[in-house]
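Undergrad: Residue numbers (the working numbering): 3 to 725. A virtual CB, placed ideally from N, CA and C, is assigned to each residue, including glycine. This is the structure I want to talk about, given as structure tokens.
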């Protein structure tokens, strides 16, 4: 073990440290008790804490090390596969590691070993499940190897970037141009042709394709022949099924229903990276093919006490690993781009002299930037969202730092609000994250939570359909002729309240009639690959005469921010802040987006303009493409008005808020919330706003706001209340 080169002390100033610890303990104990606490009562506890003075660190960091990296007093209560986080690279030398022993006799199986079994299972069963560890080649090899057996195949991916990058890889393996024999289709981007036999697509695109094919077949003389195949495919592959997104769960239910017909000729292959496949097997009553993989010894380290500031502990743990362990890459699981950017900035400063590359990984990054994590050059710290749990395989990971949380949208049916929340992972997710460290060599996993908290975690993650708003899903189901949503055979049925709220919303906007049957207007909305609120705003904009402006804003709303992220210590920060202020509009982000776009348009879409104003080039190009695709859905329309408020109120009336004594309250649900500090509306204090999303930090914040008048909201709200 290498020694830390920073200045150290072994606590010669122990008396001063004892006094500080006693005062902190006194405050902590009193926070849980109504009775006053004497400092003398803390002496025994302080004696125990100061036994840990073998930890060597800078005096100013003593408190945090004492709190987070202290030796566990209850080793006998720890599991056989766990050790304390303070052992190994983080400082305490005298500790017995308790290691999970891998089955060294287990054979490493490959796709080549199992493809014959998979083909045989598909011949004898309409549905087959394949379970194999991330990186075994399920996605890139199995669909390609099945092309000899099936003429037309679609393989779904939960994320658009995965669909594109996998299609490129497989096209290269097949030896064809992308878009010929192998292609992809994602929202607003189609790279296929009449020659395409294997297509990679997002699961949402497949749902839209099934709907489009069904509408065409209703008017086709070949209806009976083609209805035997779902959307015309011989084989449908649902990849990453363990992610249990809303679209995946709906597709599984829809395909199961379609395959119950004796005439059905489509086969379904479900691929999962986790071992929790029993739910799928039970649901489909089908065979399971398992691809075994060898695993290596993993040491587990837990915090003795849970902490609130998990990000700081993750950063310091990654730093300590690099400074005190000789080799091996580090994978740190964080919750989103903001945290990743912050951690990247801090670690870049702390490890500026170290031979280490610090990389970022999240789903909205361009494929070429994601590819950097796969390059074998210098030692790496990879700061990632949960995309690295199962979707991406990274070799040479020896250390995993697990924050224990992730961010996801959660729908609160009681007040009809969906919020971006911090959610605790499950035991299955914790195991999956840990497995990234034991793929090719023995590894160590640092869990930034206590073992007692780990025991309290749910066994499996909650399926997205149980915590999501179902407006878009129910609209898709109605478009496919499914009127009785309540009794649809989901693998896990959503709450009746969520279904009823979705149907009520669709009935209000005239997307379905009183019998729950989709209307012509509903079919128009279903044909727009955006959330119903945005789709309604676009249709309203077409009628009002402000379609170009609303389409532009809608394209921007698909991305978190068009700006680069610079911290206050950056040498260009003053210019960066000035640029953001220049584009900030007093009526909110919606108008700010228009100012950015039309300024860029005036520069003839110059990349120099984007660089000068700290705008992300790749994001802006994507926004331009999405805008063009939206406008193609509404040909022959031109703007005669700039009244975007009426259009967005028509679609976003349920995401409206009114100013209150302490901030704002949503009109539906009375949720207390605030305008986000970066929004141009913050200082304007408008009486009414509509917002794109609500997310939780210490408070609830409205993201991307637009100032509106009560008169703009009254018509849609009154119609809703009347119905």
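Closer than 7 Å by C-beta to residue 365: which residues in its own chain qualify, once you throw out the five before and the five after it? Chain order, please.
TA: Result list for residue 365: 161, 163, 387, 389, in chain order.
Undergrad: Go through its chain and collect everything with a Cβ distance to residue 119's Cβ below 6 Å, but skip five positions before and after it.
TA: Same-chain partners within the cutoff: 291.
Undergrad: Are at least three pairs of beta-carbons, each pair with one atom in the stretch 251 to 271 and one in the stretch 185 to 197, less than 8 Å apart?
TA: Because the criterion of three Cβ pairs below 8 Å is not met, the stretch 251 to 271 and the stretch 185 to 197 do not touch.
Undergrad: Using the beta-carbon count (16 or more within 10 Å), is residue 651 buried or exposed?
TA: Buried, by the Cβ-count rule.
Undergrad: Ordered along the chain, which non-local residues of its own chain (more than five positions away) have a Cβ less than 7 Å from that of residue 235?
TA: Contacts found: 154, 155, 156, 268.
Undergrad: Compute the Euclidean distance between the alpha carbons of residue 637 and residue 323, then round it to the nearest angstrom.
TA: Roughly 57 Å between the two C-alpha positions.
Undergrad: Determine the burial state of residue 588: buried for a count of at least 16 other Cβ atoms within 10 Å of its Cβ, exposed for fewer.
TA: Classification for residue 588: exposed.
Undergrad: Between which two residues does the alpha helix (DSSP H) harbouring residue 321 extend?
TA: Counting along the chain, the alpha helix (DSSP H) containing residue 321 begins and ends at 312 to 326.
Undergrad: Looking at residue 555: is its Cβ nearer than 7 Å to the Cβ of residue 607?
TA: No; because the gap between Cβ atoms is not below 7 Å, this pair is not in contact.
Undergrad: To which residues of the same chain is residue 53 closer than 7 Å at the C-beta, ignoring the five residues directly before and after it?
TA: Bear in mind that the predicted position of residue 53 carries a pLDDT of just 40, short of 50, making it unreliable; the figure below should be weighed with that in mind. Cβ within range, chain order: n/a, list empty.
Undergrad: Count the C-beta pairs between the stretch 375 to 383 and the stretch 325 to 333 that are closer than 8 Å, then say yes if the count reaches three, no if not.
TA: Verdict: yes, contact present.
Undergrad: Tell me the DSSP secondary structure of residue 357 in three-state form.
TA: Of the three classes helix, strand and coil, the one that applies to residue 357 here is coil, per DSSP.
Undergrad: Between the alpha carbons of residue 448 and residue 335, how many angstroms are there, rounded?
TA: Their Cα atoms are separated by approximately 11 Å.
Undergrad: Measuring straight from C-alpha to C-alpha, what distance separates residue 174 and residue 375?
TA: Cα to Cα, the separation comes out at about 20 Å.
Undergrad: Tell me, please, whether the stretch 508 to 520 touches the stretch 610 to 621 by the rule of three or more beta-carbon pairs shorter than 8 Å.
TA: Output reads no: the stretch 610 to 621 does not touch the stretch 508 to 520.
Undergrad: Taking only three categories from DSSP, how would you classify residue 648?
TA: Helix.
Undergrad: Measuring CB to CB, does residue 406 end up less than 7 Å from residue 450?
TA: Taking 7 Å as the Cβ cut-off, residue 406 and residue 450 qualify as a contacting pair.
Undergrad: May I ask you to verify whether the stretch 665 to 676 touches the stretch 412 to 429, counting CB pairs closer than 8 Å and requiring at least 3?
TA: They touch, by the three-pair rule.
Undergrad: With 16 as the cutoff for other CB atoms within 10 Å, does residue 311 come out buried or exposed?
TA: Residue 311 is exposed by the Cβ-count criterion.
Undergrad: Given this structure, state the Cα-to-Cα distance separating residue 116 from residue 127, to the nearest angstrom.
TA: Going from the Cα of residue 116 to the Cα of residue 127 covers about 16 Å.
Undergrad: Taking the beta carbon of residue 75 as the centre, do at least 16 other beta carbons fall within 10 Å, making it buried, or is it exposed?
TA: A caution first: residue 75 carries a pLDDT of 35, below 50, which makes its placement in the model unreliable, though a value can still be read off. When all chains shown are included, residue 75 counts as exposed.
Undergrad: Using C-beta distances below 6 Å, list every residue in its chain close to residue 720, excluding the 5 sequence neighbours before and after it, in chain order.
TA: So no residue of the chain qualifies.
Undergrad: As a quick exercise: from 698, 689, 663, pick the residue whose alpha carbon is nearest that of residue 678.
TA: Comparing Cα-Cα distances from residue 678 to each of 698, 689, 663, the minimum goes to 698.
Undergrad: Would residue 197 be called buried (16 or more neighbouring beta carbons within 10 Å of its own) or exposed?
TA: So residue 197 counts as exposed.
Undergrad: Rounded to the nearest angstrom, what separates residue 372 and residue 510 at their Cα positions?
TA: Distance between the alpha carbons of residue 372 and residue 510 is about 43 Å.
Undergrad: Give the DSSP-derived three-state secondary structure of residue 107 in the structure shown.
TA: Residue confidence for residue 107 is low, a pLDDT of 40 falling below 50, so the modelled location carries little weight and cannot support an answer.
Undergrad: Whole-angstrom Cβ separation of residue 649 and residue 692, contact assumed at under 8 Å?
TA: Wrong, their Cβ atoms sit about 11 Å apart, outside the cutoff.
Undergrad: Under a three-way DSSP split, which group does residue 704 fall into?
TA: Three-state DSSP puts residue 704 in a strand.
Undergrad: Three-state secondary structure (DSSP) at residue 445?
TA: Three-state DSSP puts residue 445 in a strand.
Undergrad: Kindly indicate the opening and closing residues of the alpha helix (DSSP H) around residue 140.
TA: Residues 140 to 147.
Undergrad: With DSSP run on the structure shown, which of helix, strand or coil describes residue 711?
TA: Correct three-state label for residue 711: coil.
Undergrad: Of all Cβ atoms in chain C, is any one closer than 7 Å to the Cβ of residue 370?
TA: Among the protein chains of the structure shown there is no chain C, as only one such chain exists.
Undergrad: Thinking C-alpha only, which one of 622, 345, 468, 306 is nearest residue 314?
TA: Looking at the Cα atoms, 345 is the closest of the given residues.
Undergrad: So, are the CB atoms of residue 740 and residue 113 less than 7 Å apart?
TA: The displayed coordinates of the chain run from 3 to 725. Any statement about residue 740 would go beyond what the structure contains.
Undergrad: Cutting at 7 Å between CB atoms, please list the residues of its own chain near residue 537, excluding the five before and the five after it.
TA: The residues are 527, 530.
Undergrad: Below 6 Å CB to CB, which residues in the same chain sit around residue 478 once its five sequence neighbours on both sides are set aside?
TA: Hits under 6 Å: 209.
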